[in-house]
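Everything on this sheet refers to the single structure shown next.
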Amino acid sequence: MHDPHPGYDSPAFEPDGFPVPLPADPVPPVPEEVESALEPFRAGDAAASLAALRPLAASGRTSLAGHAAAALAGVAISLDEPFRAPLRQVMEGEDPWLGPLAAVLESRGPSDVLGRRPSAVDPLLTGITARLTGAREAAREHLAQAVADADRAVRRDLAAVLLGDLLLADGEPDAAERPLRRALRAKDPLYVAYAGHLLGHLLIVRGELDEAADTLLKACITAHPRETETDALMPWVHLRLGELLAGTFRLRVVEEWMENNGMNELYWTRDVFETGLHFHDISRPSLNEIGLHVFPGDVAEVRAALDRLKQWSDERHARGRRLCLMLGTRTDTRPWDEGYGPLRELLAELNASA
């Protein structure tokens, strides 16, 4: 059975019964409405862009609203105005790229990093503004300058991880690897965890799944609030690791866990999703809820998560559907257990909808 969205059109399972790993998260395009709303800002009229972006950001829990909120934050940062509220809106959404980025920027805002009111020509500030407002070439230029020239290590570290994020999102994993590995040596554990989260994606793209799992596990540990003093990034890092575990039986780290603790691979997959869902003060991607609630057959919770993903975008819903099919099929190994009847019905519906 095939998925109805490009990128999810391969079979969910191999002929031998092993799951096919989920593809790496695609980069969602900036909606045309947001691009149009940003045109005045790029021409020097920030007020007009703010007026156009606010109703888009308030239009619902959708990809359009999430992109508009990110752009609002970028314009606000450029004006030295409050920016955390729109970043929190992005964190509360489903975007696998903007969500973690917003989690880092909201927790360690530009003013915190710069330690003073930043200059309008500061390359780190202008790079962040350009990234959030979709000016990718300008963002790349300014962030690269900040990596080279920033006068404090914390600023260079933030610039490095943001540059790696941008290069990775632009489809240049080889170029992204150097700044991301540099950020792994940062003094701030939040930047280290974010760099590991992004490197995990990079290694998944390369097909280096054992290395990806090891890197993401370290990022999960580093992202813990006891290290970073925030739980903002935890759900996103655990989601990326959980998706990888859901699609792969043959991971070195899982074999080590099973050997040391005697629990099967599905126990550890559920544990990763459950931990990610536990830390949900602001960030709460619905895919984590699917990853947890499929296991006990909590179909109402799974359906609610699928509905939220559908509202956000067709792509997120297709990914949620694929994750549900993978985990549900692996979990339902007791045909005599009537308690899994509602889950079987849901799986049949999802298969029939393709």
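Count the sequence shown with the UniProt record's numbering and you get residues 1 to 354, in order.
Ideal placement from N, C-alpha and C gives every residue a C-beta, glycine not left out.
query: Distance, Cα to Cα, R185 vs R156?; result: 11 Å
query: Just checking, does the region 229 to 240 make contact with the region 268 to 286 on the three C-beta pairs under 8 Å criterion?; result: yes
query: Three-state secondary structure (DSSP) at P19?; result: strand
query: Using the Cβ count rule (16 or more neighbours within 10 Å means buried), how would you classify G60?; result: exposed
query: Once the 5 residues before and after A24 are set aside, which same chain residues still bring their CB inside 7 Å of it?; result: H201, I204, V205
query: With distances taken Cα to Cα, identify the nearest neighbour of L209 among A348, H293, A246.; result: A246
query: Under the three-state reduction of DSSP, which class applies to F41: helix, strand or coil?; result: helix
query: I want to know whether the region 60 to 72 touches the region 125 to 134 - three or more CB-CB distances under 8 Å.; result: yes
query: Classify F273 as helix, strand or coil using the three-state DSSP reduction.; result: helix
query: Buried or exposed for P123, going by 16 or more other Cβ atoms inside 10 Å?; result: buried
query: What's the call for N260, buried or exposed, on a 16-neighbour Cβ count within 10 Å?; result: exposed
query: From the DSSP secondary-structure annotation, give me the bridge partner or partners of F13.; result: P19
query: Measure the CB-CB distance between G196 and A219 and report whether it falls below 8 Å.; result: yes
query: When you compare only the Cα positions, how much space is there between D142 and H224?; result: The question names Asp, but residue 142 is His in the sequence shown. Rounded to the nearest angstrom, the two C-alpha atoms are 30 Å apart.
query: Write down every uninterrupted run of the alpha helix (DSSP H) in the region 141 to 219 whose length is 4 residues or greater and which is fully enclosed by it, in chain order.; result: 153 to 169, 173 to 183, 189 to 206
query: Using C-beta distances below 6 Å, list every residue in its chain close to L167, excluding the 5 sequence neighbours before and after it, in chain order.; result: A175, A176
query: What's the gap between the Cα of L22 and the Cα of L244?; result: 7 Å
query: Between G328 and R42, what straight-line distance do the alpha-carbon atoms span, to the nearest angstrom?; result: 47 Å
query: For L64, collect the residues of the same chain with a Cβ closer than 8 Å to its Cβ; drop the 5 residues on either side in sequence, then sort them by chain order.; result: P31, E33, V34, L56
query: If we ignore side chains and look at the alpha-carbon of each, how far apart do T126 and S78 end up?; result: 7 Å
query: Give the DSSP-derived three-state secondary structure of T126 in the structure shown.; result: helix
query: Whose C-beta lies closer than 6 Å to the C-beta of M258 among residues of the same chain, with five residues either side of it excluded?; result: none
query: Given that a residue counts as buried once 16 or more other Cβ atoms are within 10 Å of its Cβ, and exposed if not, what is N264?; result: exposed
query: My output table needs one value for H2: the three-state DSSP class, helix, strand or coil.; result: Confidence is the limiting factor: at H2 the pLDDT is only 40, short of 50, which leaves the residue's position unreliable, though a coordinate-based value still follows. Of the three classes helix, strand and coil, the one that applies to H2 here is coil, per DSSP.
query: Identify which residue in N288, L217, L190, L309 has its Cα closest to the Cα of E256.; result: L217
query: Does the beta-carbon of D165 have 16 or more other beta-carbons within 10 angstroms, so that it is buried, or is it exposed?; result: buried
query: Look at residue 363 and L163 and say whether their C-beta atoms are less than 8 Å apart.; result: Absent from the model: residue 363. The displayed extent of the chain is 1 to 354, so no value can be given.
query: Along the chain, where does the alpha helix (DSSP H) containing T228 start, and where does it finish?; result: 225 to 228
query: If distances are taken between C-alpha atoms only, which option among Y8, P19, D298, P28 comes closest to W312?; result: P28
query: Would you check if the distance between the CB atom of L306 and the CB atom of N288 is smaller than 8 Å?; result: no
query: Which residues in the same chain as A103 place their Cβ atom closer than 6 Å to its Cβ, once the five residues preceding and following it in sequence are excluded?; result: M91, A232, L233, S283
query: According to the neighbour-count rule (16 or more other Cβ atoms, all chains shown, within 10 Å of its Cβ), is G320 buried or exposed?; result: buried
query: Out of curiosity, what's the CA-to-CA distance linking V299 and L346?; result: 7 Å
query: Indicate whether N190 and T230 have their beta-carbon atoms separated by less than 8 Å.; result: In the sequence under discussion, the amino acid at residue 190 is Leu, which differs from the Asn named in the question. Cβ distance < 8 Å, so L190 and T230 count as in contact.
query: Can you give the Cα-Cα distance for H2 and A46, rounded to whole angstroms?; result: Model confidence at H2 stands at a pLDDT of 40, short of 50, so the residue's coordinates are unreliable; what they give is reported in the following sentence. Taking the straight line joining both Cα atoms gives about 45 Å.
query: With a threshold of 7 Å on Cβ separation, who are the neighbours of V147 within its own chain once the five nearest residues in sequence on each side are excluded?; result: R156, A159, A160, L163, P179
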